[in-house]
Amino acid sequence: MGWLFLKVLFVGVTLLGCLYPLVDFCCSGDTRGQKPNFVIILADDMGWGDLGANWAETKDTANLDEMAAEGMRFVDFHAAASTCSPSRASLLTGRLGLRNGVTHNFAVTSVGGLPLNETTLAEVLRQAGYVTGMIGKWHLGHHGSYHPNFRGFDYYFGIPYSHDMGCTDTPGYNHPPCPACPRGDGDGPSSASGRPFLLYVALAHMHVPLSGTRLSADRRGRRPYGAALREMDRLVGQIKDKVGRTARENTFLWFTGDNGPWAQKCELAGSVGPFTGSWQTRQGGSAAKQTTWEGGHRVPALAYWPGTVPINVTSTALLSVLDIFPTVVALAGASLPQDRHFDGLDASSVLFGWSQTGHRVLFHPNSGAAGEYGALQTIRLEQHKAFYVTGGAKACDGKVGPPRLHEPPLIFNLEEDVAEAEPLEEGSAEYERVLPEVRQVLADVLVDIAGDKTSRADYTRDPSVTPCCDPHRKACRCHTT
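Okay, structure coming up:
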């Protein structure tokens with residue numbers, strides 16, 4: 109690549125009504141033999157069934173459906189957690205919350221964020237010669253050294269957390285102490301000569317509240333959810349089109365979601381597709397976001413890289429948001445940090461169409477419903493899935509199912525019962541064969557975590573750290589020297 113500019117192009121509108129910047133990729137020169145560029149797009153609270161290519165009843169994702177036809181679609185792809193901050197921390201570290209310390213969401217008043225001794229994907233790629241940018245929702249700490257510009261991103265434009273979390277007109281002053289704003293070198297963080305790029309776009313869609321905008325205007329009078337879904341699809345389409353016009357054969361675009369939809373989105377029963385958690389809903393409560401039922405963590409996922417990722421392929425490999433870190437690092441020719449263990453795997457062979465083998469085992473951490481935050485009480489073992497705890501989440505009718513501990517665990521065969529409607533009968537031959545394996549893989553990962561280099565996030569809260577609404581107030585800005 110001869111040269112690259114990352115410059116702000118205001119082409120969309122957020123659900124807050126603010127301008128939504130995308131990055132304008134301007135490239136020239138021969139890209140052959142160069143390191144690939146990476147664009148990672150993360151939707152917020154998007155259900156597996158919100159993608160038309162997954163669920164025929166969905167008619168609002170024409171651009172994403174086109175991407176699926178021109179690339180690879182993953183039908184057994186999972187968020188690393190069923191809520192925002194832990195899932196995003198795992199994307200950027202390749203590690204579960206019990207390792208990276210982020211087990212539940214950070215708040216408006218949170219002092220801390222993603223622990224500073226955790227190494228992010230952006231830091232690894234920047235050390236490998238990449239220029240790095242992030243746009244959108246961060247939600248991994250909004251003060252001091254937790255800010256994206258101190259976590260490996262040369263450029264950042266976005267919101268510090270979810271767009272429903274607010275701000276204050278009476279902020280505290282410089283609390284916690286804010287270091288000097290980072291300075292770019294050379295031409296600054298928005299441009300780089302001869303360098304490949306990483307762009308991480310964390311969309312506000314489909315997180316509530318949903319509101320109508322110019323892009324989502326619909327003469328057919330669709331409900332807000334469908335209109336917002338269509339707006340998100342158009343934004344993704346614009347990114348894909350820009351990549352196609354500038355760096356098509358040297359840019360890998362990966363689209364996925366951070367977790368399943370809120371149960372409150374009752375207007376779209378198909379949002380989670382067939383993953384209804386039937387057993388759970390019969391007990392009262394939700395099988396969506398925050399839960400470890402499939403609707404809470406199985407998410408849409410697409411890979412697009414013309415000439416490299418085969419077209420119109422559906423992959424059944426068991427993969428996770430955890431795999432983005434090691435896969436991108438491998439494709440960039442960089443090296444993983446050697447002083448810690450990772451839960452993700454390098455999925456390059458799946459992306460290239462050489463293999464359908466992903467994880468044998470995935471762990472789904474408790475994410476705000478029943479059980480202790482971050483605890484590994486739901487285990488996927490090939491086609492089987494075991495629950496040691498269920499319940500505790502609010503359904504769309506407002507009811508909350510009571511937490512239920514299961515010892516021995518509930519075990520479902522997802523190959524035969526994708527809706528998780530009927531657990532295997534305790535004492536059956538299949539149950540008795542799977543149970544010891546479940547217990548063993550759980551014991552093994554807990555031993556591994558205990559011996560690993562782990563982190564602990566600071567979840568301390570202080571009202572004075574609430575961000576201010578007016579960016580021109582002195583208390584809202586870092587010191588510049």
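When the letters of the sequence shown are read in order and numbered with the working numbering, they come out as residues 109 to 589.
In this text, a Cβ means the ideal position worked out from N, Cα and C, and glycines have one as well.
Note that the structure is a prediction, hence the values are computed from the model and not measured.
Within 10 angstroms of the Cβ of residue i, are there 16 or more other Cβ atoms? Answer buried if so, exposed if not.
i	result
C606	There is no way to answer for residue 606, as the model of the chain reaches only from 109 to 589.
N225	exposed
G441	exposed
R541	exposed
P256	buried
P317	exposed
S136	Here the model assigns S136 a pLDDT of 45, short of 50, so the residue's position is not dependable, and the following value carries that caveat. Label assigned to S136: exposed.
T568	exposed
Q446	exposed
G125	Note that G125 has pLDDT 37, beneath the 50 cutoff, so the model's placement of it is unreliable and the number below is only indicative. With fewer than 16 Cβ atoms within 10 Å of its Cβ, G125 is classed as exposed.
N420	exposed
G302	exposed
P473	buried
D570	exposed
G476	buried
G334	buried
M109	Annotation note: pLDDT 40 at M109 (below 50); position unreliable, no value reported.
S193	buried
W401	buried
G252	buried
W370	buried
D295	With a pLDDT of only 43 at D295, under 50, the local geometry of the prediction cannot be trusted, and the value read off the model is given with reservation. Per the 10 Å Cβ criterion, exposed.
Based on the DSSP output, what are the partners of residue i in its beta bridges?
i	result
L410	R181 and F363
R338	The partner list for R338 (beta bridge, DSSP) is empty, contrary to what the question assumes.
H186	R406 and S428
V436	For V436, which the question treats as bridged, DSSP gives no partner whatsoever.
I148	Y308 and W362
S218	R569
F265	I243
T422	R181
C577	BP columns for C577 are empty, so no partner.
I487	F471 and A494
T465	Note: T465 sits in no beta bridge, so no partner.
S227	In the sequence as presented, Ser is not what sits at residue 227; that position holds Thr. Per DSSP, none; premise fails for T227.
T276	C576
Is residue j closer than 8 Å to residue i when the C-beta atoms are compared?
i	j	result
F185	T422	no
T465	A425	yes
G404	G452	no
D173	G160	yes
S195	D431	no
H247	H315	no
L337	D168	yes
V429	A197	no
E538	L532	yes
H212	P575	no
A312	F261	no
Y412	K348	yes
V549	L489	yes
V407	M180	no
N358	N208	no
I519	L554	no
T562	L206	yes
Y263	V216	no
G244	G266	yes
G506	G500	no
A565	V210	yes
D556	H467	no
L102	L233	Residue 102 falls outside the range modelled here, since the chain spans only 109 to 589, and no answer is possible.
T201	F433	yes
P516	F495	no
P418	R356	no
V546	I487	yes
For residue i and residue j, which I take to be in contact (beta-carbon distance under 8 Å), what is that distance rounded to the nearest angstrom?
i	j	result
R203	T228	So it is not a contact: roughly 11 Å between Cβ atoms.
W387	E530	7 Å
Q398	T191	5 Å
V183	L361	No, V183 and L361 are not in contact; Cβ-Cβ is about 18 Å, not under 8 Å.
P304	K493	That belief does not hold up - the Cβ atoms of P304 and K493 are roughly 38 Å apart, past 8 Å.
A478	D454	Not a contact, Cβ separation roughly 33 Å.
L513	V526	Between V526 and L513 the Cβ distance is about 25 Å, and since that is not below 8 Å, they are no contact.
G345	N171	3 Å
Verify the CB distance criterion: does residue i have a CB-CB separation below 8 Å to chain B?
i	result
A335	Considering every chain present, this structure includes no chain B. It has just one protein chain.
Check whether the Cβ of residue i sits closer than 7 Å to any heavy atom of the ligand MG, and report yes or no.
i	result
H247	The ligand content of the structure shown is nil, which means the ligand MG is not present either.
Inset, instruction - Ignoring anything shorter than 4 residues or poking outside the stretch 493-561, list the alpha helix (DSSP H) runs there in chain order. - result: 537-558
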